[in-house]
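A short worksheet on the structure shown next.
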Amino acid sequence: MPVSRKLLFFLLAFTALRLGVSGSFELALDEGYYWLWSRHLSLGYYDHPPMVALVIAFTTLVGESELFVRLGAVIGSVAASLLVFRLADNLFENMAAGWHAVWLLNISLIFSVGALVVSPDTPLVPIYLAALLLFREAAEKGGAGRWLLAGAVAGLALLSKYTAAFFFPCAFMYLLLSPGKRRWLATPMPYLATLVSAAVFSPVIIWNWQHGWMSFAFQSAHGLARAVENPAGHLLEFVGFQAVLYSVGIFFFLMAAGVALVRGSFFNGADESRRDVSLFLFSFSVPVLAFFALNSLRATVEGNWPVLGFLPLIVQAGGMAEGWLASARARTALIASAAAAFLFLVFLHVQVVDPVIPHPKRFEISRRIYGWRLLATAVDVERKSFPAAFLIADRFQTGTLMTYYTAPHIPAYQIGGDNPRRYSFLPPVDSYAGSGAIYLAEESRDASQALAPVFERVEKVRTVEITRKGELIRRFVLYRCYNYRGGLDLIHE
């Protein structure tokens, strides 16, 4: 079967599956938060740049169901697949390399989850791949238009997530290491492209300036400032978690691709064009992965942070796949790894919608995405007899999910949180002075006693148990809070 036809059938099948599943389960914890952003568009937010909010705002123009909130993730997965195909095809001058890169990308656990759940990575991955492709074409063919377009798209990647900043040192590393491309450093083009990126990203810079640089400060502290005990253990945990996210067996093939990039860039006597391809992919992968591996020695690294470093490895693995398939031992290992990854993805998609196979609670993802609609119904019932103007939750994720699932949507704030910063796009909570509120918390996180100074009276009204197939998942408590006096932002749990 021609590669183009295989690619078409593959993407149609995976896209149909994702469309069918994405609207069949409730929003995950952070998805409600990003949806709330889309109702309050801004140049920036406490946690991230605004691109994910723009994506959700666009896809929910025709409806607010879970399917439309997540539609950008499904569309983004198709765009990323086509771009990784194009990049691998261009670099290796072989459509088979593009085909292998596509299926390797799509059977990885992290990409499959990202194709179902909307997050800042939803726009980041396809836009970053587009920036890589355009930068490669600019470095190969030249032309002011190509350079400036590459810079503009890299700026859009920055508007998606701050980790896109890796693009710039990696790009300059490639230009410096590549004998054939080093000449560009003596021209204005790379620097003008960087200025274009900065101009595209400037709304976020302006927003941070207007808000005391709070988003930059939050992400710096979030990603870099947390010391950990047992650094070696954290490094092993980081590597192990990445292996799981990239489907274990496939992960080892990606590591083999990384080794091949190092050898092809610095040790092999390959022809100049092949070495240049290795240098390009090396520059955008190994330094990023090394940064996060080293950072894991001193801080907790979340699983999706290094994703940009793995994209070039997937492209390289696509270019090497035909060679692996020509070797009996490697072919057996690759097919077995791919089959195991695919079966696990089938299990995951079924389990998210209807958990038919019991397994340890701490690994049960469906527990985190079930019960919010039932809980919101309990809140709505309470609001019929108690005219609450706003809701207070124990966690910001719970609050934003209640805003999404209640009708009409009720604004929510967090107890013990950083309301003025996290909810800078909402009216200040003290603007509700004199109003009633509902406090909602998981029973184990009940901090209702802290609300006594800021309300005239706080009384527990009910307990809500979230059960599924007879199993208790979570237990929440609801309180009526009378006559808000102000000062919620000053409370610390």
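Each residue of the sequence shown is one higher than the one before, counting from 3 in the numbering used here. Positions of the beta carbon are idealized from the N, C-alpha and C atoms, including for glycine.
Query raised in the report: Since N297 is in the beta strand (DSSP E), which residue starts that stretch and which ends it?
Result: In the sequence shown, residue 297 corresponds to position 295, counting from 1. Element bounds for N297: not the beta strand (DSSP E) but the alpha helix (DSSP H), E274 to N297.
Query raised in the report: Closest by CA to N306, which one among A166, G182, G260 and A391?
Result: Position 304 of the sequence shown holds residue 306. It is A166.
Query raised in the report: Do F253 and Q244 come within 8 Å of each other at the CB atom, strictly closer than that value?
Result: On the sequence shown, residue 244 is found 242 positions in, with the first residue counted as 1. On the sequence shown, residue 253 is found 251 positions in, with the first residue counted as 1. Yes, the Cβ-Cβ distance between Q244 and F253 is below 8 Å.
Report task. Report the residue from F218, A301, R331 and V466 whose alpha carbon sits nearest the alpha carbon of L377. Result -> Here residue 377 refers to the residue found at position 375 of the sequence shown. The shortest Cα separation from L377 among F218, A301, R331 and V466 belongs to V466.
**Report entry** Separation of F94 from F284, as counted between CA atoms
**Finding:** Translated into positions along the sequence shown, residue 284 becomes position 282. Translated into positions along the sequence shown, residue 94 becomes position 92. One C-alpha to the other measures close to 15 Å.
Query raised in the report: Could you give the residue range of the beta strand (DSSP E) that holds F457?
Result: Here residue 457 corresponds to residue number 455 of the sequence shown, with the count starting at 1. Run containing F457: F457 to R470, per the beta strand (DSSP E) assignment.
Requested in this report: Would you decide whether S180 is buried or exposed? Buried here means 16 or more other CB atoms lie within 10 Å of its CB.
Outcome: Mapped onto the sequence shown, residue 180 falls at position 178. The residue in question, S180, is buried, as its Cβ has 16 or more Cβ neighbours within 10 Å.
Report task. Could you spell out where the alpha helix (DSSP H) holding Y193 opens and where it closes? Result -> On the sequence shown, residue 193 is found 191 positions in, with the first residue counted as 1. Unbroken alpha helix (DSSP H) run through Y193: M191 to Q212.
Requested in this report: Pick out whichever of S329, F478 and I109 has its Cα sitting closest to the Cα of S339.
Outcome: Mapped onto the sequence shown, residue 339 falls at position 337. Answer by Cα proximity: I109.
Query raised in the report: Between F203 and V54, what straight-line distance do the alpha-carbon atoms span, to the nearest angstrom?
Result: Locating residue 203 in the sequence shown gives position 201, counting from the first residue. Locating residue 54 in the sequence shown gives position 52, counting from the first residue. The straight-line gap from Cα to Cα measures roughly 14 Å.
Query raised in the report: Y47 by DSSP, collapsed to three states: which one?
Result: Along the sequence shown, read from residue 1 onward, the residue named residue 47 stands at position 45. Coil at Y47, not helix or strand.
Query raised in the report: Taking DSSP as the reference, what is the three-state secondary structure of R476?
Result: On the sequence shown, position 474 is the one that residue 476 refers to. In the structure shown, R476 sits in a strand (DSSP, three-state: E or B).
Report task. Helix, strand or coil for Y248, going by three-state DSSP, please let me know. Result -> On the sequence shown, position 246 is the one that residue 248 refers to. It is coil, neither helix nor strand.
Query raised in the report: Any idea which residues DSSP pairs L393 with across the strands?
Result: Looking up residue 393 in the sequence shown gives position 391. Beta-bridge pairing links L393 to A414 and I440.
Query - Inter-stretch contact (C-beta, 8 Å, three-pair minimum) for the region 386-399 and the region 429-437 - result: yes
**Report entry** Beta-carbon separation (whole angstroms), Y481 vs Y441, contact threshold 8 Å
**Finding:** As a first step, residue 481 must be located in the sequence shown, where it is residue number 479. As a first step, residue 441 must be located in the sequence shown, where it is residue number 439. About 4 Å separates the two Cβ atoms, so the contact holds.
Requested in this report: For G420, I'd like the list of residues in its chain whose CB is within less than 6 Å of its CB, leaving aside the five on either flank, ordered along the chain.
Outcome: Stepping through the sequence shown from its first residue, residue 420 is reached at position 418. Here the sequence assigns Asp to residue 420, which means Gly is not the residue at that position. Hits under 6 Å: none found.
**Report entry** Local conformation of R487 per DSSP, three classes
**Finding:** Taking the first residue of the sequence shown as position 1, residue 487 is located at position 485. It is coil, neither helix nor strand.
Query raised in the report: Straight-line CA distance for N96 to A335?
Result: Reading the sequence shown from its first residue, position 94 is the one you call residue 96. Reading the sequence shown from its first residue, position 333 is the one you call residue 335. Computed Cα separation, rounded: 23 Å.
Query raised in the report: With a CB to CB cut of under 6 Å and the five nearest residues on each side skipped, what residues in its chain are close to A156?
Result: Counted from its first residue, the sequence shown places residue 156 at position 154. So the qualifying residues of the chain are A133, F169 and S199.
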